[in-house]
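In what follows, a single structure is set out as structure tokens and then discussed.
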């Protein structure tokens, strides 16, 4: 009798273990998984402990025409969606909205009438802005804004690029100094690298005054390197008109590959770039 009881208990425990294993296997194979990472083995351990969801970026627009004050603007900016973390998306969108509003407010404040009103009766001041998502990773977004402003009576529009780097996990805008482990090391590197690339660019030609402008615009200062974006290959440095070249040359761009940075970046910036490079796809349960 006692042996039968022992046998029955052993059988019950074994059956329970088997059923538990089948349940866990079923849930793993057919349950909903937020995201799946398809990447190589070298990045597998790097990404193993990260919750991965790439934000969705869509285009939003604001526009206004004000005949009384003779100005108009049309600006496009990103709206961020994160299905599993809507609170982080809300914070990111608030940061973008503040960024956009500052540009609009500064534009309207700068509108002036330097000449006789009758001479400018048919002219308006205009602002336009477009954006490009340079990097969209689960932790950091990097957005390039192309801005063009024309003030009534001016000889030509003024164009410039501004970059917004935002760390969604740490809830803060990233300045250039926040990208690097040491600004003391980073700024001389940025100066030397970009200067060399620009001097040896195809069709580059400099007289003495233009070369002096290039040297001034690439001096190792935070102001000269205020517009640095992240992308899936590393960094991109943007120089606005007049900074290193005459207005007619437009904005200048210098990409810096990750391998050239030689660990100058702080680890979480490298992490964001690698997460941006990973092939991340949304998974859905089988039906």
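In my numbering, the protein residues as written are 223 to 509.
Think of the CB as a built atom: it goes at the ideal place given N, C-alpha and C, for glycine as much as any other residue.
Model, not experiment: these values are computed from the prediction.
I need the DSSP call for residue 486, collapsed to helix, strand or coil. coil
Should residue 326 and residue 295 be called a contact, given that it needs their Cβ atoms to be closer than 8 Å? yes
Compare the C-alpha of residue 384 against each of 397, 398, 392 and 367 and name the closest. 367
Provide the residue(s) that pair with residue 476 in DSSP beta bridges, ordered along the chain. 459
For the beta strand (DSSP E) containing residue 381, name the first residue and the last one. 380-389
Along the chain, where does the alpha helix (DSSP H) that runs through residue 308 open and close? 308-332
Rounded straight-line distance, which links the Cα of residue 348 to that of residue 472: 19 Å
Within 10 angstroms of the Cβ of residue 371, are there 16 or more other Cβ atoms? Answer buried if so, exposed if not. buried
Between residue 447 and the rest of its own chain, which residues show a CB-CB distance below 6 Å, the 5 nearest in sequence each way excluded? 398 and 412
Rounded to whole angstroms, how far is the Cβ of residue 402 from the Cβ of residue 408, which I believe are closer than 8 Å? 4 Å
For residue 362, which residues from the same chain have a beta carbon less than 6 Å from its beta carbon, with the 5 sequence-adjacent residues on both sides left out? 389 and 494
Hey, is residue 422's beta-carbon within less than 8 Å of any beta-carbon in chain C? The question asks about chain C, but that chain is absent: this structure has only one protein chain.
In angstroms, rounded to a whole number, what distance separates the CA positions of residue 391 and residue 310? 8 Å
If you draw a straight line from the alpha carbon of residue 492 to that of residue 481, how long is it in whole angstroms? 11 Å
Residue 306 burial status per 10 Å Cβ neighbour count (16 or more: buried): exposed
If distances are taken between C-alpha atoms only, which option among 375, 382, 443 and 381 comes closest to residue 405? 443
Own chain, CB closer than 7 Å to residue 419, minus 5 neighbours either side, in chain order: 476
Return yes when the Cβ of residue 346 is within less than 8 Å of the Cβ of residue 292, no when it is not. yes
Cut-off 8 Å between Cβ atoms - residues of its own chain near residue 344, not counting five sequence neighbours on either side: none
Taking Cβ to Cβ, would you say residue 277 is nearer than 8 Å to residue 353? no
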